[in-house]
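*Asks:* Numbering (our numbering), first residue to last: 7 to 92.
Glycine included, every Cβ here is placed at the ideal spot set by N, Cα and C.
#1: Counting only runs of 3+ residues fully inside the stretch 20–86, write out the beta strand (DSSP E) ranges in chain order.
#2: Taking the beta carbon of residue 28 as the centre, do at least 16 other beta carbons fall within 10 Å, making it buried, or is it exposed?
#3: Alpha carbon to alpha carbon, how far is residue 88 from residue 42?
#4: Output yes or no for whether 8 angstroms exceeds the beta carbon distance between residue 18 and residue 84.
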């Protein structure tokens, strides 16, 4: 399987900028791994406002919301926020 392209919403990038040290490395490693493992599942799932299935994975103190677009071979990270505020 070829590597999927990764896309992060601007809000997710801004949230990532607020993390430091080990937490940032853990989040970055998880996101980078999505490109090689597009069938990654989260700890739980939800439906977005257009009824698409989205995955939510808790990494450290943060919840990362993402979804795969298999037709376009893209992984889209739509949100990164403190897990206690997710």
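*Replies:* Taking the coordinates as given:
#1: The DSSP assignment places complete beta strand (DSSP E) segments of no fewer than 3 residues inside the stretch 20–86 at 50–53, 59–65, 68–75, in order along the chain.
#2: Along the chain shown, read from residue 1 onward, the residue named residue 28 stands at position 22. Burial call: exposed.
#3: For the purposes of this step, residue 88 is taken as residue 82 along the chain shown, with counting starting at 1. For the purposes of this step, residue 42 is taken as residue 36 along the chain shown, with counting starting at 1. Between the C-alpha atoms of residue 88 and residue 42 there is a straight-line separation of about 25 angstroms.
#4: Taking the chain shown and counting its residues from 1, one reaches residue 18 at position 12. Taking the chain shown and counting its residues from 1, one reaches residue 84 at position 78. Cβ distance < 8 angstroms, so residue 18 and residue 84 count as in contact.
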